């Protein structure tokens, strides 16, 4: 099985080995000699709270830092999905922080408590 | 998908596959689900692909291929990319490609394996920082860890760093520094257990061989590192570390941290399986007998998810569980069961003794949990160590209470990444033991489920 498949990351085509995960494909197969252009070190998504750049930490299904949009579905753990020919992958780059922290109204009674 | 099974196995790693082979040999109808795209778990990851085989050493490769062959010949069914998110008595709920399924089974065996112990440090959320397991997966996916074979930095304390270093040397990737966070006194304590490890000479030989290669390659090993910081704007640019209260810097775009393996106990905890604290390795594990029986009827747990003894032990642990399950179902007599288990049981006990040595050698340094105030502990919800400490001072004394107040552990990973550190920090702050503080309670669903996925369970069948 030394075949390759073509996936599209933010509409840019990448030819990667078949049988590997989307996250491993992007981390291991998109290096560039030019650091500012290195796609392997680019964020997979921005954290929904502070908008900081995130990329896979564990690559095996635990950390959820590999979340991306795959074939139209958002927040998919890309380390658990095997690359398929023609797959459309999008980084979830939302640079706007969710401002509920570090503000003056950050009092216990104003905190969200409905989600457990 | 499937109607009813005699045995459903959750996790297709060494323990799960081996249990399936054993149970099939007794005539049970067996299905195995795994959230990954292929079987093998972490140790035999990508063994079905050429570059996965290239990276593994001969010993592990042979073990894995034998197991795969036995599984394929067994007639057990395998369902990949299938994540289990719920369980109730003899029913399991899972999702596959956006749809939920319900599977019923007479017996359920969880072989969910281990994960690397997450220890928070400044900058650990930066792209370019990853675990040893992640680096290993990149190599086994035919990928490059760094551009142009740029040097990488290793940090931590655990057996996986050793085998990863071997693979990096094989690939020609230089190691700029190896920051050892272990405690020398633990390594001394481990000498007591060396005697039992000597019962397994080949095992020790492999370890010695690895250590010798590390020495031969003159990798700069820096001992006694007690703080690590990853620095960079949008991705890792350099690493700072503290040794003997002095700070040093090393430039690298890749930092690989490994702090040993802990069992994945989220499902055990949510189901109400009794958990026990291991004070050496500082983790909770489900209380089982040698055969994987838990305190719940029809629920079994084994492999590294029950106690970390490594992949080789897991093959035997799984086999024993598979036979025990057939025996508990009345398919085998107790005598027949004992006979069929005998060989695996003896092999397992031997490997576990050797592994017990490693349990002490790589015991985590409790000081590693002295996380600086400004460091993010909960990666998902961006909760810092200071927020956790403040919550404790305000009167919240358990991980669950602190979670409700700070949101630590409420993000998509459901506390998998921060749960252990959260409990350690709360315990430090109150000056009590982690065991007393308890662990973050897990609830169903075990994995995030979209409304669509949930509702697909109840949609009328057309």
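Chains as they are written, first to last, in the numbering used here: chain V, 3 to 118; chain A, 118 to 579. Here a beta-carbon is modelled for each residue, glycine too, at the ideal position from N, C-alpha and C. All figures in this text were calculated on a predicted structure; none of them were measured in a lab.
Query - Bounding residues of the alpha helix (DSSP H) (the contiguous stretch that carries residue 489 (chain A)) - result: Element bounds for residue 489 (chain A): n/a, residue is neither H nor E.
Requested in this report: Could you have a look at residue 400 (chain A) and say whether DSSP puts it in helix, strand or coil?
Outcome: strand
**Report entry** Beta-carbon gap between residue 211 (chain A) and residue 220 (chain A) smaller than 9 Å
**Finding:** yes
Query - Residue-chain proximity (residue 93 (chain V), chain A), Cβ-Cβ < 9 Å - result: no
Report task. Using a Cβ cut-off of 9 Å, pull out every chain V residue sitting near residue 390 (chain A), in sequence order please. Result -> Here the premise fails: no neighbours, minimum Cβ distance about 19 Å.
Query raised in the report: The alpha helix (DSSP H) with residue 227 (chain A) in it runs from where to where?
Result: Counting along the chain, residue 227 (chain A) falls outside any alpha helix (DSSP H), though it belongs to the beta strand (DSSP E) covering 216–227.
**Report entry** Runs of beta strand (DSSP E) wholly within the region 438–503 of chain A (minimum 3 residues, chain order)
**Finding:** 493–495
Query - For residue 230 (chain A) and residue 479 (chain A), the rounded distance between their alpha carbons - result: 19 Å
Query - the region 495–505 of chain A contacting the region 392–404 of chain A, beta-carbon criterion three pairs below 8 Å - result: no
Query - Close-in-space but distant-in-sequence residues of the same chain around residue 449 (chain A) (CB under 8 Å, 5 per side omitted) - result: 143, 440, 443, 457
**Report entry** Those residues which DSSP pairs with residue 48 (chain V) across a bridge
**Finding:** V:55
Report task. Compile a chain-ordered list of the residues in the region 479–510 of chain A whose CB is closer than 8 Å to at least one CB of chain V. Result -> 496, 497, 498, 499
Requested in this report: Please compile the residues from chain V whose C-beta is within a distance smaller than 9 Å of the C-beta of residue 213 (chain A).
Outcome: Residues of chain V passing the Cβ test: none, with the nearest at roughly 11 Å.
Query raised in the report: Do we get a CB-CB distance below 9 Å when we pair residue 49 (chain V) with the residues of chain A?
Result: yes
Report task. Identify which residue in V:96, V:36, V:70 has its Cα closest to the Cα of residue 10 (chain V). Result -> V:70
**Report entry** Euclidean distance between Cα positions of residue 447 (chain A) and residue 545 (chain A)
**Finding:** 49 Å
**Report entry** Partners in chain A for residue 75 (chain V), counting only beta-carbon separations shorter than 8 Å
**Finding:** 215
Query raised in the report: Could you give the distance in angstroms between the alpha-carbon of residue 201 (chain A) and the alpha-carbon of residue 152 (chain A)?
Result: 8 Å
Query raised in the report: In chain order, what residues of the same chain have a beta carbon less than 8 Å from the beta carbon of residue 411 (chain A), not counting five sequence neighbours either side?
Result: 385, 390, 391, 403, 404, 405, 417, 418
Query raised in the report: Using a Cβ-Cβ distance under 9 Å, would residue 168 (chain A) count as near chain V?
Result: yes
**Report entry** Rounded C-alpha distance that separates residue 539 (chain A) from residue 525 (chain A)
**Finding:** 8 Å
Query - Per DSSP, cross-strand counterpart(s) of residue 241 (chain A) - result: None; residue 241 (chain A) has no bridge partner.
Query raised in the report: Taking 9 Å as the CB-CB cut-off, is residue 221 (chain A) touching chain V?
Result: no
Report task. Find out if the Cβ-Cβ distance for the pair residue 556 (chain A), residue 381 (chain A) is shorter than 9 Å. Result -> no
Query raised in the report: Under the rule that 16 or more other beta-carbon atoms within 10 Å means buried, what is residue 471 (chain A), buried or exposed?
Result: buried
Query raised in the report: Exposed or buried, what is residue 289 (chain A) when buried is set at 16 or more other beta-carbons lying within 10 Å of its beta-carbon?
Result: exposed
Query - chain V contact for residue 155 (chain A) (CB, 9 Å cutoff) - result: yes
Report task. Please classify residue 161 (chain A): does DSSP put it in a helix, a strand, or coil? Result -> coil
Query - DSSP-derived helix/strand/coil call for residue 5 (chain V) - result: coil
Query raised in the report: Under 9 Å, do residue 376 (chain A) and residue 235 (chain A) count as touching if we go by C-beta distance?
Result: yes
Query - residue 28 (chain V) versus residue 98 (chain V) - alpha carbon distance - result: 24 Å
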